[in-house]
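What follows is a set of notes on a single structure, which appears directly below.
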Amino acid sequence: MEEEQQHQGSMAPLRKGQTRKLEDPTVGASAAVEEEEDGGDGEIRCQPSQQALDREVRAQVEVLERTFSWRDSDRAAAKRATHVLAELAKNEEVVNVIVDGGAVPALVKHLQEPPPLIRDGSAAEQRPFEHEVEKGSAFALGLLAVKPEHQQLIVDAGALPLLVSLLERHKKGSISRSVNSVIRRAADAITNLAHENSNIKTFVRIERGIPPLVELLEFTDVKVQRAAAGALRTLVFKNDENKSQIVECNALPTLILMLRSEDAAIHYEAVGVIGNLVHSSPSIKKEVLLAGALQPIIGLLSSCCTESQREAALLLGQFAATDSDCKVHIVQRGAVRPLIEMLQSPDIQLKEMSAFALGRLAQERKPFKDVLPWLLLTFVYLRIKNLFFLITMGLSCYLAFLGLLI
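Residue numbering for the sequence shown follows the working numbering, starting at 9 and increasing by one per position.
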């Protein structure tokens, strides 16, 4: 159960910001797409034939192939082409058509800046739509990477080193909204490329993608922080080498600080990263506890975010398996009552995780001494309220209470 929950948790943020809105394949996109504002999506409403869709995709790919320059008209056309392809890619049924139409190498090419224009023997300073084309390319590739069979194709086309480079785009000059957006799209694309793909997770580490992602946890833009944490959460799942490098990059203090954030999306991603770090890694589990993660994780049991509550309960169950002293600390710092209150939640997974944590804690009778009467009264109340309580909670909850009564 523990491993299954970790896996589900690692998938949760993956599609965030990339909801597919289109029900049918689309054409005529270049005429129907609204200009994208940051965080907004245009919509395509036409319903074309397959042949028309093929033509539309090929037309946009050809635009990308001939507009790799800093000319105003080329940059404007390339920006629009990436946006059209991204809008089309939001319909999963169209993704194969886009890939078959040759979009991947064309989009990968535009993840980087074109060569400078030479005028009168010197490089021109004009840089129209700076960062915008790269952002659109990263966004479109991230959508195409949702299909597992396309992940390796995108990596083989050379996307990873370029995406890693985009993660550091803010170091080239002043920070702006467009810079923040391109960094966020690059992190999201890495997340989707690495999802359930152990080889690509390793390639990201080899391309030195982990250090900049750790640095971005302290970025001023919260959307960038969330995207970086989401990427790290994916990269560390079932990858010991990536776990070690993230710890070596001193990510733990920042992640623990994020646990205390008032932004639910921030602490949800942070607790998810920590959960995947400690999963099946006793040494990292000890480092996380020594870094001071226990109290803020207990605090998340009372969060308004159900996902954060669930992740926190699972983590406490894992911490409780460390040693008897850890169980005592968890109880003394006030974890039991919110865990019991979670048993009354309508969310089945939340109930399961609270029962899992209580079951682990109940294996040590000493820390429950002071809360046993309240715990038993709650159990009786819930048992009367719902005759199927024991079945719903599963064996772990039953054994938790049974262990206290013996």
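For each residue, glycine too, the CB sits at the ideal point set by N, CA and C.
Should residue i go down as buried or exposed, given a rule of 16 or more other Cβ atoms within 10 Å for buried?
i: Gly-367; result: buried
i: Gln-258; result: Going by the sequence as given, residue 258 is Asn instead of Gln. Counting Cβ neighbours within 10 Å, Asn-258 comes out exposed, since fewer than 16 surround it.
i: Ser-362; result: buried
i: Asn-247; result: buried
i: Asp-108; result: exposed
i: Leu-434; result: In the structure as shown, the chain begins at 9 and stops at 414. Residue 434 is therefore absent and cannot be evaluated.
i: Asn-188; result: buried
i: Ile-162; result: buried
i: Pro-220; result: buried
i: Thr-228; result: exposed
i: Arg-341; result: exposed
i: Gln-233; result: buried
i: Asp-82; result: buried
i: Cys-334; result: buried
i: Glu-100; result: exposed
i: Ile-198; result: buried
i: Asp-196; result: buried
i: Gly-181; result: exposed
i: Arg-268; result: exposed
i: Glu-42; result: In this predicted model, Glu-42 has a pLDDT of only 42, less than 50, meaning its place in the structure is not dependable; the value taken from the coordinates is given anyway. Exposed, because fewer than 16 other Cβ atoms sit within 10 Å of the Cβ of Glu-42.
When the Cα atoms are used, what is the spatial distance from residue i to residue j?
i: Leu-201; j: Glu-140; result: 21 Å
i: Ile-338; j: Ile-348; result: 14 Å
i: Val-296; j: Ala-67; result: 52 Å
i: Leu-369; j: Val-336; result: 8 Å
i: Glu-270; j: Ile-218; result: 26 Å
i: Leu-260; j: Ser-316; result: 18 Å
i: Val-194; j: Ile-282; result: Residue 194 is actually Ala in this sequence, not Val. Whole-angstrom Cα-Cα distance: 22 Å.
i: Gln-303; j: Ala-329; result: 17 Å
i: Leu-263; j: Glu-142; result: 28 Å
i: Gln-159; j: Ser-206; result: 11 Å
i: Leu-170; j: Ser-353; result: 45 Å
i: Phe-147; j: Ser-332; result: 47 Å
i: Ala-153; j: Gln-371; result: 44 Å
i: Thr-314; j: Val-286; result: 21 Å
i: Gly-325; j: Ala-236; result: 26 Å
i: Glu-204; j: Glu-249; result: 16 Å
i: Leu-351; j: Glu-360; result: 8 Å
i: Arg-216; j: Val-279; result: 23 Å
i: Leu-175; j: Gln-120; result: 12 Å
i: Arg-185; j: Arg-88; result: 19 Å
i: Gly-48; j: Pro-122; result: Per-residue confidence for Gly-48 stands at a pLDDT of 49, beneath the threshold of 50, marking its modelled position as unreliable; the derived number appears in the next sentence. Computed Cα separation, rounded: 26 Å.
i: Phe-415; j: Leu-309; result: One cannot answer for residue 415 here, as it falls past the ends of the chain, which runs 9 to 414.
i: Leu-168; j: Phe-211; result: 8 Å
Mapping DSSP to helix, strand and coil, what is residue i?
i: Arg-241; result: helix
i: Val-154; result: coil
i: Gly-300; result: coil
i: Val-69; result: helix
i: Arg-341; result: coil
i: His-91; result: helix
i: Val-277; result: A quick correction: the sequence has Glu, not Val, at residue 277. The answer is helix: DSSP assigns Glu-277 an H, G or I state.
i: Lys-98; result: coil
i: Lys-359; result: helix
i: Ile-183; result: coil
i: Ser-353; result: coil
i: Pro-169; result: helix
i: His-139; result: coil
i: Arg-216; result: coil
i: Asp-431; result: The chain is shown from 9 up to 414; residue 431 falls before or after that span and cannot be answered.
Which residue from the options puts its Cα closest to that of residue i?
i: Arg-345; options: Gly-109, Ser-332, Gln-326 and Ala-321; result: Ala-321
i: Pro-113; options: Val-69, Leu-302, Ala-85 and His-275; result: Val-69
i: Thr-242; options: Met-266, Ile-208, Arg-88 and Leu-224; result: Ile-208
i: Ile-305; options: Cys-312, His-287, His-275 and Pro-290; result: His-275
i: Val-103; options: Gly-150, Gln-134, Gln-357 and Ala-272; result: Gly-150
i: Lys-293; options: Glu-176, Ser-182 and Ser-252; result: Ser-252
i: Ala-60; options: Lys-98, Arg-185, Val-105 and Glu-95; result: Val-105
i: Ser-173; options: Ala-165, Val-190 and Glu-133; result: Val-190
i: Gln-134; options: Ser-77, Val-212 and Thr-210; result: Ser-77
i: Glu-1; options: Leu-96, Lys-117 and Glu-64; result: Not covered by the structure: residue 1. The range shown for the chain is 9 to 414.
Is residue i a contact residue of the ligand ADP, with contact defined as CB to any heavy atom under 7 Å?
i: Gly-217; result: As presented, the structure is devoid of all ligands, the ligand ADP included, so that no description of it is given.
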